[in-house]
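See structure below.
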Amino acid sequence: AVVLCAYLEMEGIDLRDRSVIELGAGTGLLGIVVTLLGTKEPARVRALYSTCCARVTITDRAAALEFLESNVRANLPPELRPRAVVKELTWGKDLDNFSPGAFDFILGADIVYLEETFAELLQTLEHLCSERTVILLSCRIRYERDLRFLKMLRERFSVSEVHYDSSKDVHIYKAQRGSRKDDF
């Protein structure tokens, strides 16, 4: 998650007034950082113009939500907490609770590791993704199964590697529907 957070900040990706969802949030670090990055103005300006801030949905399975909500409360200033919503999402299940194609960005850090979840993860990405959505996934490529996931992803989306952190051996992949390769 740290590599993807640093990438978003270093690349200056404008998250203001964008709808963002984090999948498999775990501790919520990425979603918390995205909420903060989506508010480039000083606190007093943020309070006046809160509509320019990112709208972030931080998701994980039910068992992780209590810890996730606690981290969001502890690490976001009170005026930003309404911009970050913690919500249950088990990939491939209850997708009707999320509007199809409603997100500008779909983010996932270290979520590609259990092969038995690949089909549900891809189903979830397809449901959440519109033609304009940018998917950013960071992961290590440790096993053959990780390459199989990338192959499956490439069958459904246009995928490119946008960053590699050699010190942490973490790749960041950008995916979009069809043949789109838009800039952020």
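Quick note: the sequence shown uses this note's numbering, first residue 2, plus one each step.
Glycine included, C-beta positions come from ideal geometry on N, C-alpha and C.
Computed from a predicted model, the values in this text were never measured in an experiment.
Ranked by Cα distance from arginine 84, the options Ala120, Gly39, Lys94, Leu108 are led by Gly39. Out of Tyr114, Lys94, Tyr165, Ser159, the CA that lies nearest to the CA of phenylalanine 150 is found in Tyr114. Between alanine 110 and leucine 5, the C-beta spacing is below 8 Å. Taking the Cβ atoms as the reference, threonine 125 lies roughly 13 Å from glutamate 89, outside the contact range of under 8 Å. In the structure shown, the three-state DSSP call for serine 159 is strand. Apart from sequence neighbours up to five positions away, the residues of its chain that approach glutamate 23 with a beta-carbon distance below 6 Å are Leu31, Gly32, Ile59, Leu108, ordered along the chain.
Between phenylalanine 104 and serine 20, the beta carbon gap of about 5 Å places them in contact (Cβ cut-off 8 Å). A distance of 8 Å or more separates the beta carbons of glutamate 117 and tryptophan 92. Per DSSP, the continuous beta strand (DSSP E) segment holding serine 139 begins and ends at 135 to 140. A direct Cα-to-Cα measurement between arginine 141 and valine 171 gives close to 5 Å.
Rounded to whole angstroms, the gap between the alpha carbons of glutamate 70 and leucine 77 is 11 Å.
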